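First residue of the sequence shown? That's 3 in my numbering, and the numbers climb one at a time after it. Glycine included, every Cβ here is placed at the ideal spot set by N, Cα and C. As the structure is a prediction and not an experimental result, all values here were calculated from the model. Notes follow once the structure below has been shown.
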Amino acid sequence: MQRSDSPDWLNPLIGAMQQAQVGLLQLLHGLGLAGTVDGQPAWPWALRLSGENLLIDLGQARGMLWSLAAVATAIVLLLLVLVLRRIRLPALVLTALAALALLLAPWPRADLILVPAHATSFHASPTGFSVESIARGGAVYAQHCAACHGADGRGHGPLAASQPVWPPNFTSPLLWRRADGELLWAILHDRRPVESGDGARAHGQADRLSSDDAWALIDFMKARAAGQMLQIAGNWPYPVGLPDMAVQCAGQPARRLSTWQSRQQRLRVVAGSGPVQEDPRLVSLQLSPDGGNRAASALDCTVNDPRAWQAMALLSGSEQLQGMQWLGDRSGWLRALSRPGAQGWSEDDLVCRTDTAAKTTSGTGAVADGLGALIARMDAEPVRFIKGGFVH
């Protein structure tokens with residue numbers, strides 16, 4: 003999440019750093035100067051820029067901002083030198099000013115903004131965090147990972163004690179703090195030795211898993227870790243996306259949930275049957291555990307894929323979903339959870355919240371109901387997710 007005291011210019015600065023590197027990578031790949039790894043352009047250097055430390059040390063962030071301004075100033079001055087190159091004295095003065103701007107710039111510490119990189123550091127997941135991918139990842143995890151990391155992902159599998167380093171606990175911020183591409187590298191290409199039932203081998207499993215398997219595995223681990231942290235802390239300390247799934251609406255062909263998310267619409271998912279009515283402020287979906295009777299739904303749109311039920315159970319850390327409801331905001335983040343038996347919505351149901359105090363609006367009157375108050379709170383506190391040092 004974003005720090006509440008972060009200045010307004012910090013997110014654009016971090017975003018610009020990310021986009022500049024992605025753009026450079028795409029350019030190099032287009033020119034044939036960067037290869038391909040796991041189906042995507044490979045980062046060719048051992049270091050990359052990271053904005054994560056700039057969030058911690060705002061002094062370094064300001065230094066970075068002023069240094070970029072100095073670079074821009076130097077570029078403008080050098081362009082003027084090219085224009086005025088026939089006039090020797092002004093050209094020399096402008097060149098000296100450009101050099102002085104670069105010399106006096108408050109450059110941030112290199113060890114704070116440069117971090118180790120891998121060929122897959124800028125890879126992006128192609129799965130869309132779908133229920134199909136989560137289900138596939140669960141099967142991959144059970145077959146290839148549970149022996150060391152444990153069935154619950156806490157690092158206490160039967161082979162954990164025999165490892166040179168104890169396996170990490172995935173019920174932690176680890177999956178949210180590292181870039182997805184770096185998680186992919188650890189799964190497929192990490193050369194650290196581990197002990198398996200067949201003897202010592204490298205941790206990376208590129209000889210056993212495809213990149214599609216690895217991306218699905220990442221989705222599954224995120225979903226399960228989110229549910230475990232919800233049970234431990236009572237909220238989602240890190241943002242969780244509403245999984246993509248197939249939706250069937252009355253009189254229409256099946257469509258993906260992502261089509262509504264792309265239109266910036268709020269979504270409500272209701273588990274099981276119950277006295278739930280449509281609400282014009284939301285797109286409401288009825289979730290069935292086993293492809294239940296479409297005619298029994300009180301809502302126009304239903305999800306009948308058992309994998310969707312299983313995915314929401316993972317995210318919620320509970321198998322008892324009947325009557326549970328979730329709200330997703332306009333950006334596709336899961337924000338609120340109503341437990342079975344709850345009487346309506348309230349602001350207390352917000353389980354993914356920012357650390358910014360809610361702003362009160364004067365002169366607008368009282369909010370009509372609990373759901374209205376909750377929606378107003380969600381809209382007033384949008385999620386700004388920092389992952390791998392960059393805003394998502």
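Please work out which residues of its chain come closer than 6 Å, Cβ to Cβ, to residue i, disregarding the five sequence neighbours upstream and downstream, and give them in chain order.
i    : result
P9   : none
L82  : L96
H158 : G152
D182 : S127
V305 : M247, V249, L287, L289
L30  : A36
L186 : T122, H125, A216
I115 : L51
DSSP three-state label for residue i, please.
i    : result
R203 : strand
A63  : helix
T304 : strand
Q312 : helix
G330 : strand
Q165 : coil
L195 : The amino acid at residue 195 is misidentified as Leu; the sequence shows Pro. The answer is strand: DSSP assigns P195 an E or B state.
Q324 : coil
T11  : Going by the sequence as given, residue 11 is Trp instead of Thr. Coil.
R180 : coil
L86  : coil
R138 : helix
W335 : strand
S213 : helix
S174 : coil
S132 : strand
S69  : helix
S348 : coil
V286 : For the sequence presented, residue 286 should be read as Ser rather than Val. S286: strand per DSSP, three-state reduction.
I377 : helix
By the 10 Å Cβ neighbour count, where 16 or more other Cβ atoms means buried, how is residue i classified, buried or exposed?
i    : result
T363 : The pLDDT assigned to T363 is 43, lower than 50, so where the model puts this residue is not dependable, and the model offers no usable value.
W168 : exposed
G155 : buried
P282 : exposed
P160 : exposed
A227 : buried
S132 : buried
I234 : exposed
S264 : exposed
G41  : exposed
R379 : buried
L35  : exposed
E280 : exposed
I87  : Per the sequence shown, the amino acid found at residue 87 is Arg instead of Ile. By the neighbour-count rule (16 or more Cβ atoms within 10 Å), R87 is not buried but exposed.
G53  : buried
P110 : buried
Q327 : buried
V285 : buried
Could you confirm whether any beta carbon from chain D is found closer than 8 Å to the beta carbon of residue i?
i   : result
G32 : The chain inventory of the structure shown lacks chain D, comprising one protein chain alone.
Got a sec? Which residues, its chain only, sit under 8 Å from residue i by beta carbon, not counting five neighbours each side?
i    : result
L104 : A72, V73, A76
V47  : Residue 47 is actually Trp in this sequence, not Val. Once the five neighbours on either side are set aside, the close Cβ partners of W47 are A119.
W11  : L67
G32  : none
C354 : N237, W238, P241, V242, W335, L336, R337, A338, V385
Counting only the same chain and skipping the five closest in sequence on each side, list residues whose C-beta sits under 7 Å from that of residue i.
i    : result
A112 : none
A218 : T129, S135, R138, G139, V142
Q23  : R50, L51, F124
L176 : P170
Q324 : A273, G274, P342
C251 : D302, C303
R257 : V249
G319 : G229, Q230, L232, Q233
F222 : I136, G139, G140, Y143
A93  : V83, L86, R87
Have a look at the options and flag the residue whose alpha-carbon is nearest the alpha-carbon of residue i.
i    : options                : result
L99  : V78, P110, I115        : V78
A107 : S69, L80, I220, V133   : S69
A315 : R265, Q230, R64, E280  : Q230
D246 : Y240, N237, G253, V271 : V271
I220 : E280, F172, S320       : F172
A225 : G243, S213, G346       : G243
A162 : V196, D192, L190, L185 : V196
G206 : R193, L317, E54        : R193
V117 : N55, V285, Q62         : N55
R203 : S213, D215, R355, L190 : L190
T38  : Q312, S213, D371, A382 : S213
E184 : A101, W45, Q322, L284  : W45
A310 : H146, L259, A93        : L259
V278 : A63, D351, A101, G346  : G346
H146 : L373, L211, A101, R179 : L211
Please go through the stretch 88-130 and give each complete alpha helix (DSSP H) segment of 4 or more residues, from N-terminal end onward.
You should have 90-106, 112-115.
Identify every run of the alpha helix (DSSP H) within the stretch 221-284, keeping only runs that are complete inside it and at least 4 residues long; order them along the chain.
Within the stretch 221-284, the complete alpha helix (DSSP H) runs of at least 4 residues are 260-263.
Considering only residues of the stretch 18-62, which uninterrupted beta strand (DSSP E) runs meet the minimum length of 3 residues and lie entirely inside it, listed in chain order?
DSSP runs (the beta strand (DSSP E)) wholly in the stretch 18-62: 49-51.
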